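The sequence shown begins at 0 in numbering that gives the first Met the number 0 and counts up one residue at a time. All C-beta atoms in this analysis are idealised placements derived from N, C-alpha and C, irrespective of residue type, glycine included. Bear in mind that the values here come from a model prediction, so they are computed numbers and not experimental data.
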Amino acid sequence: MIKKFSFICIALLFSSFSSNVKAESVKPNINQTDVFAQNPKKNLAPIPLDSTKADNFIDIRGMGDSGMALTYRQPPSPDSNLGDGLPANFGVRLDGLDATGKSYRGDLSFLNWESVVGIRCNTFRGTPNQNSFTFVSHPENLAQAYEKGFNLIGLANNHSWDCPRGENGLDGALMTASQMANLTQNLEANWLWHGVGKPQEKNVAVVQTMEIKGRSVRVAFASLYLGGACNNITCISDRDAILRSLRDAHADIRILSLHSWNNQTQQQLVNLGSSFIREYNGDIVFGHGPHVWRPVTIVNKPSEKQGIMFQSLGNFIHPNLRARGQDMIGRVLIDADTFEIRQVQGIPLRVNSASATFEGSPNPSTIPTSNFTWQPINSPEWQEDVSPHIRGVYVNLPY
0 MIKKFSFICI ALLFSSFSSN VKAESVKPNI NQTDVFAQNP KKNLAPIPLD
50 STKADNFIDI RGMGDSGMAL TYRQPPSPDS NLGDGLPANF GVRLDGLDAT
100 GKSYRGDLSF LNWESVVGIR CNTFRGTPNQ NSFTFVSHPE NLAQAYEKGF
150 NLIGLANNHS WDCPRGENGL DGALMTASQM ANLTQNLEAN WLWHGVGKPQ
200 EKNVAVVQTM EIKGRSVRVA FASLYLGGAC NNITCISDRD AILRSLRDAH
250 ADIRILSLHS WNNQTQQQLV NLGSSFIREY NGDIVFGHGP HVWRPVTIVN
300 KPSEKQGIMF QSLGNFIHPN LRARGQDMIG RVLIDADTFE IRQVQGIPLR
350 VNSASATFEG SPNPSTIPTS NFTWQPINSP EWQEDVSPHI RGVYVNLPY
């Protein structure tokens, strides 16, 4: 009996010891626990395209090279037709892409306007040939763009100087600035445009307070061309002044539009965009110039926050830009309380000059990245009420 009792005690003691060992062995190790489970921000589902449903986010979208012009021609009237039988009318072309506007309209929506803006050009730059192009667009097209939701307009690029002699004796860049000022007044437009103007204007970023989802958000924006044609155009000689003005601006969000014109300046674009985010507290770079997409890059800041650079968005709506098959909408979702980027989305388009569609667009997973991996968007809620052909990819930050 004593032996039996001793055996039971030993068994119970061993059982208790084993339980303790087992309990200790399954304690979570902080270094091995899945970081996604610890950080719900990384589990963020794809934010729906309908910006009104992104309550806690500032929704920013960017599109590439745009305009409504034909080379070495006077700007087509918005009620005239192009060669495809459809109007030379940016608003009509946007409706052809997406009548709801939900695919391209965020709280802030960016366009690179690759054209002079005016009613008439009296002298075009250069002479017509297969390697020379000049563009002048009717200002009504930018009025339509604004009414459709575009409120960030980049104007510094290699076509900003296509009309050396325009209306009222102004060169193309100053004519564009004059037309944009008139539109701002006539539309009472709360938008930011930059990239052309008098020397004392073009090398300083513009800052505007935007009312977004019941919040006052201060946005700093600049547009810079990485070339040397600097007559009333923000270009490479304005680099340092622009970067400093963006850094020193009293702003919640800082956005820089950069335009290249060859392989060498495209590498300069990448270097400058990285420097803007890393050293000047930038948030978003919208790059363009190659007429095809280039990698999307996450850039770390010293503050441990992250910025995003679209090295090139490719083309958007422009009658004189041929189909290249690598064009996208870039989307950035920023936490409305902390102003940190939480999600980035890539949405491919199929663009053929002045027409854009989601039908037949490239696989979104082919949008290149340089230091992260996209996740596919497989959510009916994401594309609700938009074209059934629209597809996208996303990544959550911090990454």
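Please check the pair residue i and residue j, which I expect to be a contact at CB under 8 Å, by giving their CB distance rounded to whole angstroms.
| i | j | result |
| --- | --- | --- |
| Ala68 | Asn319 | 7 Å |
| Ile389 | Ile346 | 7 Å |
| Ile46 | Asp106 | Not confirmed; about 12 Å, so no contact. |
| Asp384 | Asn55 | Their Cβ separation, rounded to whole angstroms, is 21 Å, which puts Asp384 and Asn55 out of contact at 8 Å. |
| Leu151 | Leu186 | Contact flag wrong, Cβ pair sits at about 15 Å. |
Thinking just about the alpha-carbon of each residue, which of the options is nearest to the one in residue i?
| i | options | result |
| --- | --- | --- |
| His137 | Ile232, Gln266, Ile118, Gln129 | Ile118 |
| Arg72 | Val298, Gln382, Gly165 | Gly165 |
| Ala353 | Gly95, Ile59, Asp78, Val269 | Gly95 |
| Gly281 | Leu245, Arg60, Asn261, Gln310 | Leu245 |
| Glu60 | Gly100, Asp170, Leu43 | The sequence as given places Arg at residue 60; Glu does not occur at that position. If we check each option's Cα against that of Arg60, Gly100 comes out closest. |
| Asn167 | Glu146, Ala180, Pro198, Asn121 | Asn121 |
| Lys212 | Ser50, Val394, Ala44 | Ser50 |
| Asn189 | Ala98, Gly227, Lys147, Asp170 | Lys147 |
| Asn351 | Gln325, Lys300, His258, Ser177 | Gln325 |
For residue i and residue j, what's the separation of their Cα atoms in angstroms?
| i | j | result |
| --- | --- | --- |
| Val195 | Tyr103 | 25 Å |
| Thr208 | Gly272 | 24 Å |
| Lys201 | Asn231 | 7 Å |
| Phe338 | Val392 | 22 Å |
| His158 | Leu312 | 17 Å |
| Pro27 | Arg323 | Unreliable placement is indicated for Pro27, whose pLDDT of 32 sits below 50; the coordinate value is still reported in the next sentence. Taking the straight line from one Cα to the other gives about 51 Å. |
| Arg124 | Asp161 | 5 Å |
| Ile276 | Asn80 | 42 Å |
| Ser274 | Ile235 | 14 Å |
| Leu173 | His249 | 27 Å |
| Thr70 | Thr126 | 10 Å |
| Leu396 | Trp381 | 19 Å |
| Leu142 | Leu182 | Sequence check: residue 142 is Ala here, not Leu. Going by the C-alpha atoms only, they are around 7 Å apart. |
| Gln31 | Arg243 | With a pLDDT of only 27 at Gln31, under 50, the local geometry of the prediction cannot be trusted, and the value read off the model is given with reservation. Taking the straight line from one Cα to the other gives about 42 Å. |
| Lys41 | Thr368 | 18 Å |
| Ser131 | Arg92 | 25 Å |
| Phe35 | Asp251 | Confidence at Phe35 is low in this model, with a pLDDT of 36, below 50, so its placement is unreliable and no value can be given for it. |
| Phe285 | Gly84 | 32 Å |
| Asn377 | Ala355 | 23 Å |
| Pro361 | Pro375 | 13 Å |
| Gln266 | Glu278 | 18 Å |
Apart from the five residues on each side of it in sequence, which residues of its chain come closer than 7 Å, Cβ to Cβ, to residue i?
| i | result |
| --- | --- |
| Gly66 | Trp112, Glu113, Ser114, Phe134, Ser136, His317 |
| Ser222 | Gly153, Leu154, Ala155, His193, Gly194, Thr233, Ser256 |
| Asn370 | Thr296, Ile297 |
| Lys304 | Glu339 |
| Met62 | Tyr103, Phe109, Leu110, Leu312, Phe315, Ile328 |
| Asp64 | Asn111, Glu113, His287, His290, Asn314, Phe315, His317, Leu320 |
| Leu48 | Lys101, Ser102, Trp381, Gln382, Val385 |
| Pro379 | none |
| Val331 | Ile59, Ile283, Ile307, Ile340, Val343 |
Ordered along the chain, which non-local residues of its own chain (more than five positions away) have a Cβ less than 6 Å from that of residue i?
| i | result |
| --- | --- |
| Thr264 | Leu225 |
| Asn140 | Met67, Phe89 |
| Ser15 | Because the pLDDT of Ser15 is 40, which lies under 50, any placement of that residue in the model is unreliable, and the question is left without a value. |
| Phe149 | Ser108, Leu110 |
| Tyr398 | Ile297, Phe371 |
| Val269 | Gln310 |
| Asp237 | Asn202 |
| Met179 | Trp192 |
Quick check on DSSP: helix, strand or coil for residue i?
| i | result |
| --- | --- |
| Gly281 | coil |
| Pro361 | coil |
| Val269 | helix |
| Tyr475 | Limits of the chain in this structure are 0 at one end and 398 at the other, which puts residue 475 out of reach. |
| Gln310 | strand |
| Ser369 | coil |
| Gln31 | Residue placement at Gln31 is flagged as unreliable, the pLDDT there being 27, under the threshold of 50; a coordinate-derived value is accordingly withheld. |
| Thr183 | helix |
| Val291 | coil |
| Val20 | Bear in mind that a pLDDT of 34 at Val20, under 50, signals an unreliable position, so the model cannot answer this. |
| Met67 | coil |
| Ile316 | coil |
| Pro86 | strand |
| Arg243 | helix |
| Asp94 | helix |
| Ala219 | strand |
| Ala188 | coil |
| Phe275 | helix |
| Ser136 | strand |
| Ile252 | strand |
| Asn111 | strand |
| Tyr393 | strand |
Suppose the cutoff is 8 Å on Cβ atoms and the five residues either side in sequence are ignored; what does the same chain contact list for residue i look like?
| i | result |
| --- | --- |
| Glu358 | Arg349, Ser386, His388 |
| Ile366 | Trp292, Val295, Met327, Gly345, Pro347, Trp373, Val392 |
| Ile241 | Asn202, Val203, Ala204, Ala221, Leu223, Thr233, Leu255 |
| Pro74 | Met67, Ala68, Gly117, Ile118, Arg119, Cys120, Val135, Ser136, His137 |
| Ser215 | Thr208, Met209 |
Say the cut is 6 Å; is the CB of residue i nearer than that to a heavy atom of the ligand ADP?
| i | result |
| --- | --- |
| Leu173 | You won't find the ligand ADP in this model; it holds no ligand whatsoever. |
Closer than 7 Å, CB to CB, is residue i near chain D or not?
| i | result |
| --- | --- |
| Trp292 | Reference to chain D is not applicable here, since this structure consists of a single protein chain. |
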